[in-house]
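Visitor:
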Amino acid sequence: MDLINSNALRSIIREEIPDVSNNLLTKKDAKSLIKKYASQGYFNVGDAANYCGVSRSTFDKWRKDGIITPRIVCGVVRYARADLDRMMSNDEMV
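Just so it is clear: in the sequence shown, position 13 is 1328 by our numbering, and no numbers are missing.
1) Pull up the DSSP beta-bridge partners for tyrosine 1394, would you.
2) When we look at the beta-carbon of arginine 1393 and count the other beta-carbons within 10 Å, is it buried (16 or more) or exposed?
3) For isoleucine 1319, report the span of its alpha helix (DSSP H) as first-last.
4) In chain order, what residues of the same chain lie with their CB nearer than 7 Å to the CB of alanine 1395, ignoring the 5 residues before and after it?
5) Going by beta carbon distance, what residues of the same chain come within less than 7 Å of alanine 1397, once the five residues before and after it are set aside?
6) Alpha carbon to alpha carbon, what distance is there between glutamate 1331 and asparagine 1320?
7) By how many angstroms is the C-alpha of asparagine 1405 removed from the C-alpha of alanine 1345?
8) Could you check which residue in Ala1323, Arg1401, Ala1364 has the C-alpha nearest to that of phenylalanine 1374?
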C-alpha cells in the first residue's frame, strides 16, 4: 500500500473537488439570515410548540403526520408563524 503525504492529498482534493466556495455562506452570514427569519416569524421546534400551546411530543407527532411542514433555513429546521397560524385556525386541529 502506498501512502501519500498531506501536501499531495491537498493537491488531489483541489483537483477533484470543484470550487464551491462561492456557493457557501459564511458563519456570520448564516447567523444573520437566521436572525432575519426569526424576526419575520420563524420558530425552532420548541418555540413553535410553545406558540401552538402544545407539548413538544404533540408537535413532533403533527410533523410526522404531515400536519405541519418545517422549512430549512441555512440548514436549520424552522417553522413559519404563518404556517402555524393557518394550521391552528383549522377547526380539526382545535
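Even glycine gets a Cβ: it sits at the ideal position worked out from N, Cα and C.
If you're wondering where the values come from, they're calculated on a predicted model, not measured in any experiment.
Guide: Straight from the coordinates:
1) Answer is Phe1358.
2) It counts as buried.
3) Taken as a continuous stretch (DSSP letters only), isoleucine 1319 belongs to no alpha helix (DSSP H), as it is neither H nor E.
4) These residues qualify, in order along the chain: Gly1356, Tyr1357, Arg1386.
5) Around alanine 1397: Gly1356.
6) Between the C-alpha atoms of asparagine 1320 and glutamate 1331 there is a straight-line separation of about 17 Å.
7) Going by the C-alpha atoms only, they are around 33 Å apart.
8) Considering only Ala1323, Arg1401, Ala1364, the residue with the shortest C-alpha distance to phenylalanine 1374 is Ala1364.
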